[in-house]
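Order-wise, the sequence lines are chains A and B.
Positions in the first sequence are counted from 1; adding 995 to them yields the numbering used here.
Positions in the second sequence are counted from 1; adding 3 to them yields the numbering used here.
Input: a single structure, listed below in structure tokens.
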Amino acid sequence: GEDVEQSLFLSVREGDSSVINCTYTDSSSTYLYWYKQEPGAGLQLLTYIFSNMDMKQDQRLTVLLNKKDKHLSLRIADTQTGDSAIYFCAEEGTNAGKSTFGDGTTLTVKP
Amino acid sequence: DAGVTQSPTHLIKTRGQQVTLRCSPKSGHDTVSWYQQALGQGPQFIFQYYEEEERQRGNFPDRFSGHQFPNYSSELNVNALLLGDSALYLCASSRGVNYGYTFGSGTRLTVV
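Written out as structure tokens, the structure reads:
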């Protein structure tokens, strides 16, 4: 079945760029999402990319998609302490409406 | 504009009991999905409701059932609770089935 993998932890200095990586197995993935989860909260949709795109930029966020390698990344420019959270990658394929999530990457931003 | 509202926020149940969790979707949304998030893991898809019918189901046993009402709100029922059902249950709503979802803050279920 579908599988999504992410590295578990990332630590950066405030002001640096953060890059969170994700790989997925479903070659029929149509949408790929990045969500943010802060302690005790639900998931906040940050951005998504359609599978026929290779890049999407939204203010400080840049999403890169390498469909051949099934690799997705999220770059956060000028990372702030408020960006500290768990970031989830998710994909949605032929089963529209059913998202498969990775286990999340915990981003720690040090002042 | 209220987002997705879930109730209760926390719940403690005893093994073998039954539980009902509730979700009100964001205004304008007609599709509700339920996810289970165990500690330290990503959310796992339970099922999705649209037009009061279950559209899709993940790999969860029949002890997990749901319902969607005409006003698009939804309930998740879990029978014969097991210790392993302890998790954060997230409701997500959308208009249609793509383009990402708006998640509620979840219901933390603890089974003892």
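Glycine included, C-beta positions come from ideal geometry on N, C-alpha and C.
Under 7 Å from the C-beta of residue i: neighbouring residues of chain B
i	result
Y1028/A	G103
S1094/A	F48
8 Å contact criterion, which residue i and residue j should meet: CB distance rounded
i	j	result
S30/B	A5/B	7 Å
Q39/B	I49/B	6 Å
Contact list for residue i against chain A, beta-carbon separation under 7 Å
i	result
L112/B	Chain A residues near L112/B: none, gap ~15 Å exceeds 7 Å.
G109/B	G1037
G31/B	What G31/B touches in chain A: nothing, since even the nearest Cβ is about 15 Å away.
Beta-carbon proximity check, residue i vs residue j, cutoff 8 Å
i	j	result
E1086/A	E1009/A	no
L1038/A	F106/B	yes
Q9/B	N82/B	no
G1099/A	I1081/A	yes
V1104/A	R1070/A	no
T12/B	T110/B	yes
V114/B	L84/B	yes
Contacts that residue i makes with chain A (C-beta to C-beta distance below 8 Å)
i	result
F106/B	Y1030, G1037, L1038, Q1039, L1040
T34/B	G1092
Per DSSP, cross-strand counterpart(s) of residue i
i	result
E55/B	None; E55/B has no bridge partner.
A95/B	S36/B, F106/B
R25/B	S10/B, E78/B
L1102/A	L1005/A, A1080/A
S1068/A	N1016/A, L1059/A
Chain-ordered neighbours of residue i on chain A, where CB pairs are closer than 9 Å
i	result
Q59/B	N1090, A1091, G1092, K1093
Within chain B, the residues that residue i reaches when beta carbons sit closer than 8 Å
i	result
G1010/A	Those do not exist, as G1010/A stays about 29 Å from chain B at its closest Cβ, beyond 8 Å.
D1098/A	G43, Q44, G45
F1083/A	G45, P46
Original post:
Residue ranges of each alpha helix (DSSP H) run of no fewer than 4 residues wholly in the region 1024-1056 of chain A, ordered along the chain?
Top reply: Whole alpha helix (DSSP H) segments, 4+ residues: zero.
**OP:** Starting from the N-terminal side, write out each stretch of the beta strand (DSSP E) that is 3 residues or longer and does not extend beyond the region 998-1022 of chain A.
**Re:** 999-1001, 1004-1008, 1013-1019
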